[in-house]
Amino acid sequence: MSGVSVVPQETVREAFKLAFSKWSQVSPFTFKETRGYSDIAIGFYSGEHGDGVTFNNTIVAHAYPPIDGRLHVNADKGWSIKDPIQEDKNIHRGDTYDLVWVAMHEIGHILGLDHSNDEDAIMYPFIAPLKNKRAFVVDDVTGIQELYSLGVQRDFHYPSAMGFRLQSYHLLIVAIFCLWVMYIFLSVMLSVFLD
Ligand SMILES: [Zn+2]
Ligand SMILES: [Zn+2]
């Protein structure tokens with residue numbers, strides 16, 4: 001974590017821990033906090049912050065997809081991790097957002113996902129203040145699973161491979177049985193002719 005300090009580090013940690021765990025449930029990824037080299041670097045920044053993107057009123061956060069991994073949150077917005085957010089007694093401004101929602105969205109970008117047209121999706125590009133959104137919809141899940149060849153495709157491949165194995169096993173039994181019948185037949189024939 002880097003940048004300016006607007007939200008207590010423990011709060012940020014809790015929000016991102018929850019957001020990462022949600023992505024772990026639907027993807028092959030696991031995430032671990034580290035102090036040294038990291039694939040994902042999270043920080044709060046204000047205005048122009050040296051990467052060509054200027055935080056203004058309309059951008060609450062942004063992230064760079066693989067292999068970059070930088071995740072920047074707008075330090076000039078209000079942030080909360082309460083669910084429901086309206087019950088957060090520390091909110092003193094209208095432009096306060098659910099940090100878990102934003103974390104989930106930006107992690108989605110870091111994992112390689114683009115925006116969704118589904119208004120209920122975590123990957124929908126617009127966020128509402130003083131509201132929570134922490135549940136994936138089908139579009140988010142199929143998005144990540146198609147990207148990393150999981151889910152539907154995996155369920156499809158395994159049964160068909162097993163079916164093939166069962167069939168070839170079955171064919172082997174049939175072949176052995178045929179050979180045995182031929183052996184009996186030939187030995188009978190031979191015994192007939194040789195007798
Ligand atoms: Zn930035
Ligand atoms: Zn986005």
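Numbered according to UniProt numbering, the sequence shown spans residues 1 to 195.
Glycine included, every Cβ here is placed at the ideal spot set by N, Cα and C.
Taking one beta carbon from each stretch, the stretch 113–120 and the stretch 83–100 have fewer than 3 pairs nearer than 8 Å; the two do not touch. In the DSSP assignment, F44 falls within the unbroken beta strand (DSSP E) covering A41 to Y45. Put simply, the backbone Cα of V6 is about 18 Å away from that of L130. For the set N74, N57 and H109, the Cα lying nearest the Cα of V12 is the one of N74. Assignment of beta-bridge partners to W79 by DSSP yields Y97. Of the candidates R70, W23, D76 and W79, R70 places its Cα closest to the Cα of S38. Under the three-state reduction of DSSP, H49 is assigned to coil, being neither helix nor strand.
For F44 against I107, the beta-carbon gap comes to about 16 Å, at or over 8 Å, which does not count as contact. When DSSP states are grouped into helix, strand and coil, T54 belongs to the strand group. Secondary structure note for L71: it is in no alpha helix (DSSP H), and the uninterrupted beta strand (DSSP E) holding it is R70 to N74.
DSSP places A15 in the uninterrupted alpha helix (DSSP H) bounded by Q9 to V26.
Bridge partners of A61 according to DSSP: V73. In this structure, A63 is the residue among I67, A63, D68 and Y148 with its C-alpha nearest to the C-alpha of M123. Between ligand 2 and P125, a heavy atom-to-CB distance of less than 6 Å is present. In the assembly as shown, H72 is a buried residue. Its beta-carbon has 16 or more other beta-carbons within 10 Å. Taking 7 Å as the cut-off, the beta carbon of I127 is found closer than this to the beta carbon of V60. Taken through DSSP and simplified to helix, strand or coil, T142 comes out as helix.
Every residue whose beta carbon comes nearer than 6 Å to a heavy atom of ligand 1 appears here in chain order: Y45, H49, D51, V53, H62 and H72. Taking a cut-off of 8 Å on C-beta distances, the stretch 45–58 does not touch the stretch 133–144, as fewer than three cross pairs fall below it.
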